[in-house]
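A.B. asks: Sharing a structure below in structure tokens format, with a few things to ask.
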Amino acid sequence: MDKLRKPRKSLLFYYGIFILILAIFNFMVLPWILERQIIEVDYRTFIKMTEENQIGQVQIQQNRILFTDKENTMVFKTGLMDDPNLVERLYKSDAVFSGQIVEQMSPIMSILLSWVLPMVIIFVVGQYFAKKIMDKTGAGNALTFGKANAKVYVQSEEGIKFSDVAGADEAKENLAEIVDYLHNPQKYREIGASMPKGVLLVGPPGTGKTMLAKAVAGESNVPFFSIAGSEFVEMFVGLGASKVRDLFKQAKEKAPCIVFIDEIDAIGKKRDGSVGGNDEREQTLNQLLTEMDGFEENTGVIILAATNRPEALDPALTRPGRFDRRIPVELPDLKGREAILKVHARKIKLAEGVDFEKVARMASGASGAELANIINEAALRAVRENRMLVTQDDLEASIEVVIAGYEKKNAILSDKEKWAVAYHEIGHALVAAKQTNSPPVQKITIIPRTSGALGYTMQVDEGDKYLMTKEDIESRIATFTGGRAAEEVALGTMTTGASNDIEQATRLARSMITRFGMSEEFGMVAMETVTSQYLGGDTSLVCSAETQAKIDRATADIIRRQYEKAKRILEENKEKLDELAKYLYEKETITGAEFMEILGA
Ligand code: ADP
Ligand code: ZN
Numbered sequence: 003m004d005k006l007r008k009p010r011k012s013l014l015f016y017y018g019i020f021i022l023i024l025a026i027f028n029f030m031v032l033p034w035i036l037e038r039q040i041i042e043v044d045y046r047t048f049i050k051m052t053e054e055n056q057i058g059q060v061q062i063q064q065n066r067i068l069f070t071d072k073e074n075t076m077v078f079k080t081g082l083m084d085d086p087n088l089v090e091r092l093y094k095s096d097a098v099f100s101g102q103i104v105e106q107m108s109p110i111m112s113i114l115l116s117w118v119l120p121m122v123i124i125f126v127v128g129q130y131f132a133k134k135i136m137d138k139t140g141a142g143n144a145l146t147f148g149k150a151n152a153k154v155y156v157q158s159e160e161g162i163k164f165s166d167v168a169g170a171d172e173a174k175e176n177l178a179e180i181v182d183y184l185h186n187p188q189k190y191r192e193i194g195a196s197m198p199k200g201v202l203l204v205g206p207p208g209t210g211k212t213m214l215a216k217a218v219a220g221e222s223n224v225p226f227f228s229i230a231g232s233e234f235v236e237m238f239v240g241l242g243a244s245k246v247r248d249l250f251k252q253a254k255e256k257a258p259c260i261v262f263i264d265e266i267d268a269i270g271k272k273r274d275g276s277v278g279g280n281d282e283r284e285q286t287l288n289q290l291l292t293e294m295d296g297f298e299e300n301t302g303v304i305i306l307a308a309t310n311r312p313e314a315l316d317p318a319l320t321r322p323g324r325f326d327r328r329i330p331v332e333l334p335d336l337k338g339r340e341a342i343l344k345v346h347a348r349k350i351k352l353a354e355g356v357d358f359e360k361v362a363r364m365a366s367g368a369s370g371a372e373l374a375n376i377i378n379e380a381a382l383r384a385v386r387e388n389r390m391l392v393t394q395d396d397l398e399a400s401i402e403v404v405i406a407g408y409e410k411k412n413a414i415l416s417d418k419e420k421w422a423v424a425y426h427e428i429g430h431a432l433v434a435a436k437q438t439n440s441p442p443v444q445k446i447t448i449i450p451r452t453s454g455a456l457g458y459t460m461q462v463d464e465g466d467k468y469l470m471t472k473e474d475i476e477s478r479i480a481t482f483t484g485g486r487a488a489e490e491v492a493l494g495t496m497t498t499g500a501s502n503d504i505e506q507a508t509r510l511a512r513s514m515i516t517r518f519g520m521s522e523e524f525g526m527v528a529m530e531t532v533t534s535q536y537l538g539g540d541t542s543l544v545c546s547a548e549t550q551a552k553i554d555r556a557t558a559d560i561i562r563r564q565y566e567k568a569k570r571i572l573e574e575n576k577e578k579l580d581e582l583a584k585y586l587y588e589k590e591t592i593t594g595a596e597f598m599e600i601l602g603a
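Residues in the sequence shown are numbered from 3 upward in steps of one, following my numbering.
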């Protein structure tokens, strides 16, 4: 979503113009106007006035004489003559010798000219341009300091429909009701039903939340205001709040319409009462709450908001009457991935016989945005190789690029390192295969990647699992430890390559105890809560320090047991381990099918 950054820039711009105009007035216009007020007289008149004592002040300049009348109401000038007795005569006439006649003249006038007039001009010109821009775009952008710079999508321009959003069927079903309401609010009003004012789209990044919101607008043919939560958070206290006010004012004028607030957690974070720093955000949030309470139900303004941190939202935001409906937008499953690939593949030229299901299966865990990226990378690869059509190969290669980064062409692993990586990766795969008797991997390569990974293992997508048994988890932990186990069994050493495995194994083992109630010692007690479900699943412990120490020990026990199991499996299959590692070392890539063939299973 591109954001309009304009107001900040235009503010600086206007300060610049303002100063420029001030300078022009003070150094050019003002002197000019003052000059015009001076009445030119001939020298004869000057002499006459001197003799008649009619001169108030006088100033002799380089090439002229300025003087005023006795009452100082008018300024005259005359040319400078070669007149030796001039000063003496002036002295006698009681004239006051003055330094600066012109500037003493009329302080009110000069303030008026040098300050007030420029401001008036700037204001008028600014209004004029603001109006012009507003007429053109339908939204004020020029002088909108402190105003909501929500972007309005006119439906015809974007035109995203539900059919463009693949998968996400539950979310679409949910949102279809809102579309129906926007089409026919009367139906709902008659029966006394009211639509929720706010709908929260919740899910990991890149799963199509923005797209869904746009699609709702596209389907219901109403204007779509879109703004990111972070845009409300301004440098100055109070501006965010005024932006919110303005946004809702605009929205009410354009109702029925949809307001989409992306990353609402930027303003909607829990108010924690800490002193200082958060004033601006809190004011903005309060204003948002007030606005949401302020408009009547059934006005036709529907607010959609997206976040990937629902747990961080202030409870006031999610209570009934505000964002009381929550629609989860999850990572796509196998079918969803296939559908998303197909939607994006409409834009590229495909060779015959591309198997999207296979690609979807390989790209397990990818988000919609990543899938879109995979299609694009595949097209780029085809162009690089001077082909007109995108092939299956392109697609498969770009999965690795998107998920693991580009191949690092010039990273050379030493011989020893290469053996270690080969054994490590085969170790994982072999332990997994022996436990489940099925191919554990699609493919393993030991070509270093730009992401820093030394090898890359593409796991087989096991389909969507909603439940895992204790045994499932244990065998996964064993598989995680399989890499390190192979290093020890085959090479009698340990490498740093296992750090990520260790982390994941630890997390799983810990969760068995603290979240899944799978340990005998602790039973069904929750000692951990997940704090960010959609962003890595961080957890926080809620138990005493003593218990923590016990948990740590029990975690280590679980992992040790699984590690022993992995080692046992590898020792029993030492020949296969050597054979597979040798194959991978030589070929640098092994597919799941080749793997199973060598294993003879
Ligand atoms: P979010 O707002 O959830 O972070 P976006 O809606 O911005 O994600 O999606 C980013 C991009 O990913 C979209 O522009 C689109 O190309 C692609 N995408 C994501 N989900 C889908 C989907 N379900 N169907 C088609 N494309 C999708
Ligand atoms: Zn590993």
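Backbone N, C-alpha and C fix where the C-beta goes; we use that ideal spot for every residue, glycine too.
By Cβ distance below 6 Å, which residues in the same chain neighbour residue 262 in space, the five residues on each side in sequence not counted?
C.D. replies: 215, 228 and 306
A.B. asks: Express the C-alpha separation of residue 351 and residue 581 in angstroms, rounding to a whole number.
C.D. replies: 41 Å
A.B. asks: Can you list, in chain order, the stretches of the beta strand (DSSP E) that have 3 or more residues and sit fully within the region 189-264?
C.D. replies: Taking only runs of at least 3 residues, the beta strand (DSSP E) segments lying wholly in the region 189-264 are 200-204, 226-230 and 259-264.
A.B. asks: Taking the beta carbon of residue 91 as the centre, do at least 16 other beta carbons fall within 10 Å, making it buried, or is it exposed?
C.D. replies: For residue 91, the number of other beta carbons within 10 angstroms of its own is below 16, and it is reported as exposed.
A.B. asks: Would you be able to state if there are at least three C-beta pairs under 8 Å between the region 285-295 and the region 240-249?
C.D. replies: yes
A.B. asks: Between which two residues does the beta strand (DSSP E) holding residue 458 run?
C.D. replies: Note, residue 458: beta strand (DSSP E), 458-461.
A.B. asks: I think residue 431 touches residue 597, with their Cβ atoms under 8 Å apart; what is that distance to the nearest whole Å?
C.D. replies: With a contact defined as Cβ atoms closer than 8 Å, residue 431 and residue 597 qualify at about 6 Å.
A.B. asks: Can you give the Cα-Cα distance for residue 1 and residue 424, rounded to whole angstroms?
C.D. replies: Nothing can be reported for residue 1, as the shown portion of the chain is limited to 3 through 603.
A.B. asks: How do the region 538-548 and the region 560-579 stand: do at least 3 beta-carbon pairs fall below 8 Å, yes or no?
C.D. replies: no
A.B. asks: Looking at residue 318 and residue 264, is the spacing between their C-beta atoms short of 7 Å?
C.D. replies: no
A.B. asks: Using a 10 Å radius around the Cβ and a threshold of 16 neighbouring Cβ atoms, would you call residue 494 buried or exposed?
C.D. replies: Answer is exposed; the Cβ neighbour count stays below 16.
A.B. asks: Do residue 565 and residue 498 have their C-beta atoms within less than 7 Å of each other?
C.D. replies: no
A.B. asks: Please go through the same chain and pick out, in chain order, the residues whose beta-carbon is closer than 7 Å to the beta-carbon of residue 162, but skip the five residues on each side of it.
C.D. replies: 213, 216, 217 and 220
A.B. asks: Which of the three DSSP states, helix, strand or coil, is assigned to residue 365?
C.D. replies: If DSSP states are grouped into helix, strand and coil, residue 365 belongs with coil.
A.B. asks: Taking the straight line between their C-alpha atoms, what separation do you get for residue 442 and residue 435?
C.D. replies: 5 Å
A.B. asks: Quick one: what's got a C-beta closer than 7 Å to residue 5's C-beta in the same chain, skipping five residues either side?
C.D. replies: Its pLDDT being 38, under 50, residue 5 is placed unreliably by the model, and nothing is read from it.
A.B. asks: Using the three-state DSSP reduction, which class does residue 540 fall into: helix, strand or coil?
C.D. replies: Strand.
A.B. asks: Using a strict less-than 6 Å threshold between each residue's beta carbon and the heavy atoms of the ligand ADP, what residues do you get?
C.D. replies: 167, 168, 169, 170, 207, 208, 209, 210, 211, 212, 213, 308, 342, 345, 370, 371 and 374
A.B. asks: DSSP three-state label for residue 41, please.
C.D. replies: strand
A.B. asks: What is the DSSP secondary structure of residue 356, counted as helix, strand or coil?
C.D. replies: coil
A.B. asks: Between residue 619 and the ligand ZN, is there a pair consisting of the residue's CB and a ligand heavy atom that are separated by less than 6 Å?
C.D. replies: Outside the displayed range of the chain (3 to 603) lies residue 619, so it cannot be described from this structure.
A.B. asks: For the ligand ZN, is there any heavy atom lying closer than 6 Å to the beta carbon of residue 485?
C.D. replies: yes
A.B. asks: Excluding the 5 residues flanking residue 126 on each side, which residues of the same chain have their C-beta closer than 6 Å to its C-beta?
C.D. replies: none
A.B. asks: Return the CA-CA distance between residue 26 and residue 204, expressed in angstroms with no decimal places.
C.D. replies: 55 Å
A.B. asks: Considering only residues of the same chain and omitting the five flanking positions on each side of residue 384, which have a CB-CB separation below 6 Å?
C.D. replies: 392 and 396
A.B. asks: To the nearest angstrom, report how far apart residue 533 and residue 195 are at their CA atoms.
C.D. replies: 35 Å
A.B. asks: Can you name the start and end residues of the beta strand (DSSP E) that residue 449 belongs to?
C.D. replies: In the DSSP assignment, residue 449 falls outside any beta strand (DSSP E) and carries neither an H nor an E.
A.B. asks: Please state if the CB of residue 123 and the CB of residue 95 are separated by a distance shorter than 7 Å.
C.D. replies: The answer is no: Cβ separation not under 7 Å.
A.B. asks: With a Cβ-Cβ cutoff of 7 Å, do residue 2 and residue 69 count as a contact?
C.D. replies: The chain is shown only over 3 to 603; residue 2 falls outside these bounds and no answer can be derived.
A.B. asks: According to DSSP, is residue 281 helix, strand or coil?
C.D. replies: helix
A.B. asks: Work out the CA separation of residue 130 and residue 177 for me, nearest whole Å.
C.D. replies: 41 Å
A.B. asks: Pick out whichever of 503, 560 and 419 has its Cα sitting closest to the Cα of residue 473.
C.D. replies: Looking at the Cα atoms, 560 is the closest of the given residues.
A.B. asks: Here's the rule I'm using: 16 or more other beta-carbon atoms within 10 Å means buried, otherwise exposed. How should residue 480 be labelled?
C.D. replies: Residue 480 comes out buried.
A.B. asks: For my contact list, residue 553 and residue 593 are in at a C-beta cut-off of 8 Å; report their separation, rounded to the angstrom.
C.D. replies: At roughly 40 Å, the Cβ-Cβ gap does not stay under 8 Å, so residue 553 and residue 593 are not in contact.
A.B. asks: According to the neighbour-count rule (16 or more other Cβ atoms, all chains shown, within 10 Å of its Cβ), is residue 303 buried or exposed?
C.D. replies: buried
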